[in-house]
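See below for the structure under consideration.
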Amino acid sequence: MKSILFLVATFFICSTLDAAQVDTLSVFSKRMDKNIKTVVILPEGNKPTSTLYLLHGYSGNYANWVNNVPHIKDLVDRYGYVVVCPDGGFDSWYWDTADKEYQYETFITTELIPFVEAKYGIASERTNRGITGLSMGGHGALYLAFRHQDLFAFAGSTSGGVDIRPFPNNWNIKGRIGAYHDHEKAWNEHTVMELTNLIEPGNLQLFIDCGTEDFFFGVNNKLHEKLSYLNVPHHYLTLPGKHDWKYWSRSIDYQMAFFNQCFQATSKTK
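All the letters of the sequence shown, read from the start, carry residue numbers -19 to -1, 1 to 251 under mature numbering (1 follows the signal peptide of the UniProt record, and there is no 0).
Below, the structure is given as structure tokens:
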């Protein structure tokens, strides 16, 4: 973790002026037959070669990150990769469900990624893609990365709801996949905690963080313990903080420094 801390410290010393370009797009989803609002933050200067997909939390929307954490534009300019913030619906958890208007796994993995890369001419190798998010989006990022390792080489989560099962009555999860007591199999299949067996050795680099006062702190600790037990390499960071934008405004610095290290390391091997 020392290298990540160093990069974050360097950012605060050498912060750039806000010059990033912010595009708000309407991306049509054929699967859901509707347009999905998406914010794309592009660095000034050289053409970017890598992309970080950054997911919002429950009840949020595509504009949350850029509106609530304005210095994310400085981070984009400093690191030189694109950040894409799609709308994930009020309570989708980034799954495909029985509701045809909630097919967000398909949207991100088969519709959004090729659209963004074609529009902005960004490299399409998996080593040029990362995905992370907060809360529901933290769960969504790991869920998508574990299930689509052909698409993502790097994944993260900040304050992620990485195990949904301790919360059977919260955030309309049961409205998406059924009540836990009637659909236990579906809950196991839709929670990150039970998908760690999908991780292929050496295939994903992971960075997970959570605030020590967060109601998701316990499940994040358990995921960290499980990954350690399974000998899955990962970075795990805990900081003082609650489940709020004050914490996420800090944690995004560590998250984006991590992805910058990943992109830089892979670019040197090509």
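No residue lacks a Cβ here, since even glycine has one placed at the ideal position from N, Cα and C.
Report task. Put SER138 into one of helix, strand or coil per three-state DSSP. Result -> It is a strand residue.
Query raised in the report: Residues in its own chain within less than 6 angstroms of LEU56 by CB, not counting five upstream and five downstream?
Result: MET237
Requested in this report: Determine the DSSP secondary structure at SER7, reduced to helix, strand or coil.
Outcome: strand
**Report entry** PHE(-14) in three-state terms, based on DSSP
**Finding:** Residue placement at PHE(-14) cannot be trusted, given a pLDDT of 39 that sits under 50; the coordinates are not used to answer.
Query - Contact set for LEU123: own chain, Cβ-Cβ below 7 angstroms, skip 5 residues either direction - result: ALA136, SER138, GLY141, VAL143 and VAL173
Query - Contact under 8 angstroms by Cβ, LEU36 with GLY121 - result: Contact check for LEU36 against GLY121 passes: the beta carbons are separated by less than 8 angstroms.
Report task. Would you mind sorting GLU86 into buried or exposed? The rule is 16 or more other CB atoms within 10 Å of its CB. Result -> buried
Query raised in the report: Touch check for the stretch 163 to 173 and the stretch 206 to 221: three-plus C-beta pairs under 8 angstroms?
Result: Short answer: they don't touch.
Report task. Report yes or no: do the stretch 74 to 84 and the stretch 94 to 109 share at least 3 C-beta pairs separated by less than 8 angstroms? Result -> Contact fails between the stretch 74 to 84 and the stretch 94 to 109, because fewer than three Cβ pairs, one in each stretch, are under 8 angstroms apart.
Query raised in the report: On the premise that VAL50 lies in contact with TRP229, defined as a C-beta separation below 8 angstroms, what is that separation, rounded to the nearest angstrom?
Result: 7 angstroms
Report task. Mind listing, in chain order, the continuous beta strand (DSSP E) runs of no fewer than 3 residues lying wholly within the stretch 35 to 68? Result -> 63 to 67
Query raised in the report: So what does ILE22 bridge to, in DSSP terms?
Result: ILE22 pairs with VAL3 and VAL64.
Report task. State buried or exposed for ILE(-7), treating a residue as buried only when at least 16 other CB atoms are found within 10 Å of its CB. Result -> The predicted position of ILE(-7) is uncertain, since its pLDDT is 35 and thus under 50; a value taken from the coordinates is nonetheless stated next. Under this definition ILE(-7) is an exposed residue.
**Report entry** TYR60, buried or exposed, once every other Cβ within 10 Å from all chains shown has been counted against 16
**Finding:** buried
Report task. Confirm, please, whether the CB-CB distance from GLY38 to LEU115 is below 8 angstroms. Result -> yes
**Report entry** Check: ALA136 C-beta below 7 angstroms from any heavy atom of the ligand NAP
**Finding:** With respect to the ligand NAP, the structure offers nothing, as it holds no ligand at all.
Query - Status (buried if at least 16 other CB within 10 Å, exposed otherwise) for residue 259 - result: It is not possible to answer for residue 259, since the shown part of the chain is limited to -19 through 251.
Query raised in the report: By DSSP, does ILE(-7) sit in helix, in strand, or in coil?
Result: Because ILE(-7) carries a pLDDT of 35, less than 50, the predicted location of this residue cannot be relied on, and the following value inherits that uncertainty. Correct three-state label for ILE(-7): helix.
Query raised in the report: Which full runs of the beta strand (DSSP E) of 3+ residues lie inside the stretch 111 to 175, going along the chain?
Result: 135 to 139
Report task. Output yes or no for whether 8 angstroms exceeds the beta carbon distance between GLN186 and ALA104. Result -> Between GLN186 and ALA104, the CB-CB gap reaches or exceeds 8 angstroms.
**Report entry** DSSP-derived helix/strand/coil call for PHE188
**Finding:** strand
Query raised in the report: For GLU92 versus ARG12, is the C-beta distance shorter than 8 angstroms?
Result: yes
Query raised in the report: What's the gap between the Cα of THR247 and the Cα of THR30?
Result: 11 angstroms
Query raised in the report: Among GLY159, TRP46, ALA126 and PHE197, which has the Cα closest to the Cα of LEU176?
Result: ALA126
**Report entry** Euclidean distance between Cα positions of LYS207 and PRO149
**Finding:** 21 angstroms
Query raised in the report: Is the beta carbon of THR219 sitting closer than 8 angstroms to the one on THR250?
Result: 8 angstroms or more divides the Cβ of THR219 from the Cβ of THR250.
Query raised in the report: Is TYR217 helix, strand or coil when you go by DSSP?
Result: Strand.
Query raised in the report: Going straight from the alpha carbon of residue 268 to that of GLU25, what length do you get?
Result: The structure shown does not extend to residue 268, since the chain is modelled only from -19 through 251, so no value can be given for it.
Report task. Would you mind stating whether PHE196 and HIS224 have Cβ atoms separated by less than 8 angstroms? Result -> Inclusion of PHE196 and HIS224 in the CB contact set at 8 angstroms is warranted, their separation being smaller than that value.
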